[in-house]
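Have a look at the structure below, then the notes.
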Amino acid sequence: MTRARRHINISLLLAVVVLLSPSFLLSSCSSGDDGMNEPTPQDKQEIRFNPGVWNFMEGTRAATFNNNEDLQAGTFKCYAYEDGTTNLYIDGSTVSYSVDQWLFNDGKHYWPASGALNFFAFMPAELENTSCTFDPTAYNSSTNSDGYSEDSPRIVCTGLPVELSAGETTTQELIYAYTANQSKAGQGVSGVTLTFKHPFASVSFKMSEASGTNVTINSVTIEGVKNNGICTFNGSETSWAPSGEATSLVITGNPATGNTPYLVLPQSFAANLTFTVNATWSDWSNVTKNVSASVNVGSWQSGYSYTYTFTLSKYALTVSTEKYTEQW
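Residue 0 is where the sequence shown starts when you use numbering that gives the first Met the number 0, and the numbers rise one by one after that.
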């Protein structure tokens, strides 16, 4: 073999070694974790969150989210879209609290190299309330096939009320947050602010002391209530569009304990609603009968809790609505 040919072979061998070296391979594979509009390695910045809950009440309830400690005990589902589009950037990743920060369960996600993101999240991440579905897409002033014009995420809800309970059969309320037009430069030290809000209203029932101890409420029926609707949230305002025919809302299982809230669809009522209580009186040898009353409800607003106090006699029902609303 000639000296010139040996020189060429050595040069080729060196070139192959360089191509297969780890440093060359790493520099050639610089794609971001999210697969869209990827940042270069030196520009990568992790997406972080700073969640909170809007207008929580003092004290706690086992089945509702009322403060930051309640949030940190759970997990939320997160979606992100490129601002001004419906292009998905984060596809429903679960986020959990660990020590002192919120982390994606499926690993780190990084900001795109340019542009802004719209974030939508709901909690709990694993939905146990099957009466609602979430459409996280940030629509851009479009009209959907159902004719509902929107430019924000929405909840499609059917089959309320839902009983909120604690313990082995926990059913928690659903809360959600939407923060639009967020960028790498704008997230700040604390991360993207997600302000969770209560999209539903909550109703509870209890008996007055004047009713005595010999009566048990078996069910409460409220006539003229809509249970289906679409909820949209633009980051600050929650809007509900109730749908379908008004029907009877029936709540069973001794609901008048005062400790069990029920989620209901926010709506306004043009006329009084009829409350019918089915009760059993033990001093009547366990006689069971219905008693009714006409109640000026007015409306159920998102994020408000309503408590109705019943006074039952053997012939009549009185429903107290004094101070029955509290900011949730």
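Every residue gets a Cβ at the ideal spot worked out from N, C-alpha and C, and that includes glycine.
Taking C-alpha atoms, which residue in the options lies nearest to residue i?
i    : options                : result
A292 : P111, G106, T308, V155 : T308
K313 : T306, N213, G243, F268 : N213
S97  : S218, E68, Q300        : E68
F103 : D90, N285, D82         : D90
N226 : G243, P135, G185       : G243
N233 : N117, C156, W110       : N117
S130 : L262, A270, N271       : L262
P198 : Q71, Y303, L311, E222  : Y303
M206 : K196, I46, E81, L311   : L311
Y109 : N295, M122, G228, G190 : G190
Y88  : A115, A72, W101        : A115
V155 : I174, T132, F195, E45  : T132
L70  : R47, G51, A315         : G51
R47  : S210, W101, F64, A79   : W101
K107 : Q44, S301, D99         : Q44
S210 : D105, L316, Y80        : L316
F64  : S235, T306, L173       : L173
A240 : G228, V249, L248, S247 : G228
L272 : V296, K288, V290       : V296
V161 : T287, L248, A72, K288  : L248
S182 : D105, T320, E81        : E81
M122 : A72, V290, E208, N289  : A72
For residue i, which residues from the same chain have a beta carbon less than 7 angstroms from its beta carbon, with the 5 sequence-adjacent residues on both sides left out?
i    : result
L13  : In this prediction, L13 scores a pLDDT of 44, lower than 50, which makes its location untrustworthy; no coordinate-derived value is stated.
N285 : T279
G185 : none
L159 : S130, N226, L262, V263, L264
A245 : G223, V224, K225
D134 : P152, R153, V155
Can you pull the DSSP bridge partners for residue i?
i    : result
K288 : A278
D134 : R153
T242 : Inspection of the sequence shows that residue 242 is occupied by Ser rather than by Thr. Answer is N227, bridged to S242.
K313 : Answer by DSSP bridge pairing: none, since K313 is not bridged.
K76  : T93, F121
Y88  : The partner list for Y88 (beta bridge, DSSP) is empty, contrary to what the question assumes.
E81  : L116
F232 : T237
G51  : T194
Q329 : Residue 329 cannot be examined here, being either before or after the span of the chain that is shown, 0 to 327.
S218 : T251, N277
S210 : Answer is none; S210 lacks a bridge partner.
T306 : S203
V161 : L262
W283 : Bridge partners of W283: none, in fact.
E45  : Y109
V294 : L272
L102 : S95
By Cβ distance, which residues of its chain are closer than 8 angstroms to residue i, with the 5 residues on each side in sequence left out?
i    : result
S298 : P265, Q266, S267, F268
A270 : G223
What residues in its chain sit with their C-beta under 6 angstroms from that of residue i, if we drop five residues either side in the sequence?
i    : result
A74  : Contrary to the premise, residue 74 reads as Thr rather than Ala in this sequence. Closer than 6 angstroms at the Cβ level, and outside the excluded window around T74, lie T93, S95, A124.
A120 : F75, C77, A176, L193
T251 : S218
P254 : F204, V219
F274 : I221, A292, V294, V318
S301 : P198, T237, P265
T344 : Look at the range of the chain in this structure, 0 to 327, and you will see that residue 344 is not part of it.
A79  : Y88, I89, L116, F118
T157 : S130, N227
T215 : T279
N49  : S189, G190, T192
I'd like to know if residue i contacts chain D, where contact means its C-beta is closer than 7 angstroms to some C-beta of that chain.
i    : result
T215 : Among the chains in the structure shown there is no chain D, since it carries only a single protein chain.
Meets three-Cβ-pair contact criterion under 8 angstroms: the region 276-291 and the region 170-190: no
Contained beta strand (DSSP E) runs [length at least 3] in the region 169-197, N- to C-terminal order: 174-181, 191-195
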